[in-house]
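What follows is a set of notes on a single structure, which appears directly below.
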Amino acid sequence: MQNQREREISVWFVVGIVITMMVISINLAEIIDAKLVEWALSPDHETRSLKLFLIPTSREDILMTLVYCIFALLGKIKK
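If you're matching positions, the sequence shown starts at 1096 in our numbering and goes up one per residue.
Written out as structure tokens, the structure is:
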């Protein structure tokens, strides 16, 4: 019974960590998206084409990259 309780607590702990990481990822995706657009539209004409090439296509792409990194890290930690 004690072992089951410990397992349940650890599962809820991991769920809490994942939810927290998702919220942080969403906020980071919005901040990164805004900064990249601001950076790409800067008046520096020499690197504008390179900057526009480096911008991910959407906020969802940034978010999915961050989420992938989080789950990859969780997988490494769990092993």
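Beta carbons: idealized from backbone N, C-alpha and C, even for Gly.
- Contact check for residue 1112 and residue 1158: beta-carbon distance about 18 angstroms, past the 8 angstroms limit, so the pair fails to qualify.
- Within a 10 Å sphere around the beta-carbon of residue 1167 sit fewer than 16 other beta-carbons, which makes this residue exposed.
- Per the coordinates, the alpha-carbon of residue 1124 lies some 13 angstroms from the alpha-carbon of residue 1163.
- Rounded to whole angstroms, the separation of the alpha carbons of residue 1130 and residue 1100 is 45 angstroms.
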